[in-house]
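> Count along the sequence shown starting at 1, add 119, and that's the number in my numbering.
Yeah, the Cβ is synthetic: ideal placement off N, Cα and C, and Gly gets one too.
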Amino acid sequence: AYYQQFIQKNPSSRVGYLWLLEELIADHRLEEAQKACDTLRQLDNSCRVPYYQGKIFWESGRHQEAETVWLQMLEQHNDDWLAFANMADAMAYACRYDEAIRYYQKAQELQPAAHIYEIQGKYDKAIDSLKEQLEILKKEWNITEGSQVEHIYSEMERLRRIALTETAHS
120 AYYQQFIQKN PSSRVGYLWL LEELIADHRL EEAQKACDTL RQLDNSCRVP
170 YYQGKIFWES GRHQEAETVW LQMLEQHNDD WLAFANMADA MAYACRYDEA
220 IRYYQKAQEL QPAAHIYEIQ GKYDKAIDSL KEQLEILKKE WNITEGSQVE
270 HIYSEMERLR RIALTETAHS
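#1: Does the contact criterion of 3 or more C-beta pairs under 8 Å hold for the stretch 196-215 versus the stretch 243-258?
#2: At 4 residues or longer, and completely inside the stretch 146-210: list those alpha helix (DSSP H) runs for me, N to C.
#3: With a Cβ-Cβ cutoff of 8 Å, do D199 and C166 count as a contact?
#4: Between which two residues does the alpha helix (DSSP H) carrying R277 extend?
#5: State the Cα-Cα distance for the pair Q172 and T284, rounded to the nearest angstrom.
#6: Got a sec? Which residues, its chain only, sit under 7 Å from L278 by beta carbon, not counting five neighbours each side?
#7: Should N261 go down as buried or exposed, given a rule of 16 or more other Cβ atoms within 10 Å for buried?
#8: Which residues bound the alpha helix (DSSP H) around I238?
#9: Can you tell me the Cβ-Cβ gap for A226 and A209, rounded? I've got them flagged as a contact below 8 Å.
#10: Kindly indicate the opening and closing residues of the alpha helix (DSSP H) around R215.
Shown next as structure tokens:
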């Protein structure tokens, strides 16, 4: 009710519609969610609209349609990290964890904070960014070993070596 009142007072608030959609879908009020999604579509052309459209389909048992919408989202927004993060969330919700991890990794690649810090020569910050990735894997997915984790650790070690080499040459 709060978000319904909020969007009545703020009809152009995309964030209000996003919060409303979360609540309506969680309550399985899918017809209302569809109406809110249709309105959001008029305000927002980002990957958020197909993500929520897919969630509505998924919750109504139309899983194939949901996946089709989400895959189209990735095609249309193939350079947007949020599209891949949304797809990862959707796959995690569907208990398709290996796919979720792949999509989260792609989202990280498209939003490469560690890489940008490395370019700037801020190796400590790059390592901190990689540590955050490890924390997400641990907290969100209980993943503490495996190829994803090993890759992050090897990147951290590579950055430490570069930092030491540059410090020695300074």
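If we stick to the structure as given:
#1: no
#2: 149-162, 167-178, 182-195
#3: yes
#4: 266-288
#5: 50 Å
#6: E237, Y242, A245, I246
#7: exposed
#8: 232-239
#9: Rounded, the Cβ-Cβ distance is 12 Å, inconsistent with contact.
#10: Where R215 is concerned, there is no enclosing alpha helix (DSSP H), given that its DSSP letter is neither H nor E.
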